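Q: For what it's worth, the working numbering labels the leading residue of the sequence shown as 257, then goes sequentially.
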Amino acid sequence: MKKFEGVKIEKDTKVFSTQYIKVKNYDCRYEVWEWDGITGQSLIFYKSDFKEPFKENILSICEEHIGEDFDDSKHTFKLSGDYVFFNYNFVY
Numbered sequence: 257m258k259k260f261e262g263v264k265i266e267k268d269t270k271v272f273s274t275q276y277i278k279v280k281n282y283d284c285r286y287e288v289w290e291w292d293g294i295t296g297q298s299l300i301f302y303k304s305d306f307k308e309p310f311k312e313n314i315l316s317i318c319e320e321h322i323g324e325d326f327d328d329s330k331h332t333f334k335l336s337g338d339y340v341f342f343n344y345n346f347v348y
């Protein structure tokens, strides 16, 4: 999907799969990855698709999508340029 062409992958990250999906009618890039011995999943959104307060809006749809409330010991939320990364399902 063209809007996600600018997503940058960290140098030491190995992406196993990428899919373009819809989460609550929002375009989303879904990834399964490994970094520093940790495997995880990401939902990546294009920040401009959301109105303020976009963090609360994105967290709400992510929580519904994965079926659990945001917990900063199990999930991360990161802004990077035009993108918002919600990372979850970490396996150490």
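C-beta atoms are modelled at their ideal positions from N, C-alpha and C, and glycine is treated no differently. Source: prediction; values computed, not measured.
Figure out for me which residue from E308, Q297, Y282 and N281 has the closest Cα to the Cα of V288.
A: It is Q297 whose Cα lies nearest to the Cα of V288.
Q: Just list the alpha helix (DSSP H) runs in the segment 270-305, keeping only unbroken ones of 4 residues or longer that don't cross its boundaries, in chain order.
A: With a minimum length of 4 residues, no continuous alpha helix (DSSP H) run stays inside the segment 270-305.
Q: Alpha carbon to alpha carbon, what distance is there between G323 and K267?
A: Going by the C-alpha atoms only, they are around 30 angstroms apart.
Q: Buried or exposed: F272, going by 16 or more other Cβ atoms within 10 Å of its Cβ?
A: So F272 counts as exposed.
Q: Among K334, F260, K280 and E308, which one has its Cα closest to the Cα of E320?
A: Of the listed residues, the one whose Cα sits closest to E320 is K280.
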